[in-house]
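Reviewing the structure listed below.
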């Protein structure tokens, strides 16, 4: 049987006045998988999530979420989704437990069942000790976890995470990643947006690179990396003589003697490295140093959009 | 459950949330009551002697002015409460939780209804404090129990209408600061009516405005009920104004809520 798509988007369009934000976006996320929407600020990530979570109307296009048409059955869509945005959506004057209770009341799940789900989520997200405090006393990571817990009270089939770890410290970020993996293990479908290439690499089954209102590339992290040439092994030599011998041996053009390095195309796997070194060793060529350079998603981004990623610009 | 029952249930949940917030953050309720109390004391003890003499009543004095000014002060308190309501919803909007509510399968109107009913309750608590202070400084209304009930009704009706209007204003503005400014005219309106001095004492143009603005019939109705004098057509006109303001406020608020940018 063909796996059903939890999120199916075709030709999604949205403009604010003359500014086109989404220009015919197509997106399919199979049930139980994680899709990462990767792109710089202003690429349309948040707009996409806002439309898919029924916050703002699209100008055009078809969207089905959990089998429901977004335009015709918005309430059925709302009943199947949860959204955790980059701005926390918790009530600062209610305690953590009261925030979850509020969700239970709005979901019409009875007091006892609501209590059970709340306790379960508080324990899972390491918030039991903080349950009776107001969120203003929480750390950034705790707020984000409470925020997500509130969304999960309704046991959603599709979860939208809009930059779930932006502004979190590395430890909180890892905690959030573990939570996301747990959600997937429980069968949820996740669409997450991120500017962090590492995050997409870590969490997503498939990655879509969003730029100027459309996907410029889509695939697994490995597929995307393969789209970019540039994987190589850099060899360093102590002098010009071994350098030129190595170049002849490997069938490469005579190398630049000023740098005393050779860049050998290759994927950087252990097997390739072993073979390469054995060959040089067999010919008696001394290698002074070596570095493996695999293309990461930053290279992918640069190659696809012609610009460095925002992470590079800011760091 | 029917749509109506669901709306009522979700609205009740939202109301519980708002009341809990009001208790945790009592500043707003206190402000609602404090300003009118200060005005009450000021108008009675600072201006009361002179203004009371100008009322043209046989005895004419501070005590008469107190009886005259209480309805105006109550309306001022409701207008102040409306300002608090606008600030409250604008603050709520900045917190992001409203966006969460909008992505949930709950009755669309419940967020706003919860705010409005909460605001009415909050305002009524503030009004009770104002009346208590008025009684303390010698206010002796002549209303019978039925008239007191009617006073309560008029106050609730006015607060309900102004709450919808202020919710709409709070949703209309982009910042909390703007939300606190937009309902300002409501605070001034009782002064340009029969709240503090009889409209007969005003110049012709202003008098025409004072006679035809919504607060005047409301104030006249309250005054009639509290002092045991005839209210004439004021009650009907006041009710019509409140219904109209509530409807405009409701429609405007719904429109602003739906059209509000996501976050």
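Chains as they are written, first to last, in the UniProt record's numbering: chain U, 1 to 315; chain G, 1 to 263.
Yeah, the Cβ is synthetic: ideal placement off N, Cα and C, and Gly gets one too.
Under 7 Å between C-beta atoms of residue i and residue j
| i | j | result |
| --- | --- | --- |
| residue 88 (chain U) | residue 96 (chain G) | yes |
| residue 153 (chain U) | residue 100 (chain U) | yes |
| residue 6 (chain G) | residue 82 (chain G) | no |
| residue 238 (chain U) | residue 288 (chain U) | yes |
| residue 213 (chain U) | residue 20 (chain U) | yes |
| residue 148 (chain U) | residue 44 (chain U) | no |
| residue 151 (chain U) | residue 37 (chain U) | no |
| residue 85 (chain G) | residue 180 (chain G) | no |
| residue 253 (chain G) | residue 189 (chain G) | no |
| residue 249 (chain G) | residue 215 (chain G) | no |
| residue 222 (chain G) | residue 154 (chain G) | yes |
| residue 59 (chain U) | residue 15 (chain U) | yes |
| residue 36 (chain G) | residue 219 (chain G) | no |
| residue 91 (chain G) | residue 176 (chain G) | yes |
| residue 114 (chain G) | residue 15 (chain G) | yes |
| residue 104 (chain U) | residue 6 (chain U) | no |
| residue 217 (chain U) | residue 102 (chain U) | no |
| residue 67 (chain G) | residue 60 (chain G) | no |
| residue 189 (chain U) | residue 32 (chain U) | yes |
| residue 160 (chain U) | residue 145 (chain U) | no |
| residue 46 (chain U) | residue 205 (chain U) | no |
| residue 83 (chain U) | residue 103 (chain G) | yes |
| residue 63 (chain U) | residue 191 (chain U) | no |
| residue 226 (chain G) | residue 128 (chain G) | no |
Residue i, DSSP secondary structure in three states
| i | result |
| --- | --- |
| residue 207 (chain U) | strand |
| residue 143 (chain G) | coil |
| residue 179 (chain U) | helix |
| residue 214 (chain U) | strand |
| residue 231 (chain G) | coil |
| residue 82 (chain G) | helix |
| residue 257 (chain G) | helix |
| residue 246 (chain G) | helix |
| residue 293 (chain U) | strand |
| residue 196 (chain G) | coil |
| residue 19 (chain U) | strand |
| residue 30 (chain U) | strand |
| residue 16 (chain G) | helix |
| residue 9 (chain G) | helix |
| residue 35 (chain U) | strand |
| residue 14 (chain U) | strand |
| residue 221 (chain G) | helix |
| residue 23 (chain G) | helix |
| residue 156 (chain U) | coil |
| residue 162 (chain U) | strand |
| residue 257 (chain U) | coil |
| residue 214 (chain G) | coil |
Cut-off 8 Å between Cβ atoms - residues of its own chain near residue i, not counting five sequence neighbours on either side
| i | result |
| --- | --- |
| residue 205 (chain G) | none |
| residue 74 (chain U) | 54 |
| residue 202 (chain U) | 177 |
| residue 136 (chain U) | 92 |
| residue 97 (chain U) | 118, 122, 131 and 132 |
| residue 156 (chain G) | 120 and 124 |
7 Å Cβ shell around residue i - same chain, five flanking residues per side excluded
| i | result |
| --- | --- |
| residue 56 (chain U) | 50 |
| residue 312 (chain U) | Note that residue 312 (chain U) has pLDDT 41, beneath the 50 cutoff, so the model's placement of it is unreliable and the number below is only indicative. The residues are 298. |
| residue 78 (chain U) | 54 |
| residue 152 (chain G) | none |
| residue 250 (chain U) | 264 |
| residue 246 (chain G) | 160, 161 and 164 |
| residue 125 (chain G) | 29 |
Cβ neighbours of residue i in the same chain (closer than 6 Å, five flanking residues each side left out)
| i | result |
| --- | --- |
| residue 49 (chain G) | 62 |
| residue 186 (chain G) | 79 and 82 |
| residue 12 (chain U) | 22, 25, 58 and 61 |
| residue 2 (chain U) | Model confidence at residue 2 (chain U) stands at a pLDDT of 49, short of 50, so the residue's coordinates are unreliable and nothing is read from them. |
| residue 183 (chain G) | 82, 83, 86, 166 and 169 |
| residue 231 (chain G) | 221 and 224 |
Continuous alpha helix (DSSP H) assignments of at least 4 residues falling wholly in the stretch 47-129 of chain U: 74-80, 96-106 and 111-124
Near-chain U residues of the stretch 108-140 of chain G (beta-carbon distance less than 7 Å), N- to C-terminal order: none
Residues within the stretch 79-98 of chain G neighbouring chain U, beta-carbon criterion of under 7 Å: 95, 96 and 97
Interface positions of the stretch 70-94 of chain U facing chain G (Cβ-Cβ less than 8 Å), listed along the chain: 75, 76, 78, 79, 81, 82, 83, 85, 87, 88, 89, 90, 91, 92, 93 and 94
Interfacial residues, the stretch 129-160 of chain U to chain G, with Cβ spacing under 9 Å: 134, 147, 150, 151, 154 and 160
Residues of the stretch 26-53 of chain U with Cβ closer than 7 Å to any Cβ of chain A, in chain order: In summary, chain A is missing from the structure at hand, where the protein chains are U and G.
Every unbroken alpha helix (DSSP H) inside the stretch 96-145 of chain G [4 residues or more]: 97-102 and 110-136
Residues from the stretch 15-47 of chain G in contact with chain U, defined by Cβ distance under 7 Å: 17, 20, 21, 24 and 25
Contacting positions in the stretch 95-125 of chain U - beta carbon closer than 9 Å to chain G: 98, 99, 102, 103, 105, 106, 107 and 108
Residues of the stretch 266-284 of chain U whose Cβ lies closer than 7 Å to any Cβ of chain G, in chain order: none
Near-chain G residues of the stretch 53-67 of chain U (beta-carbon distance less than 8 Å), N- to C-terminal order: 53, 54, 55 and 56
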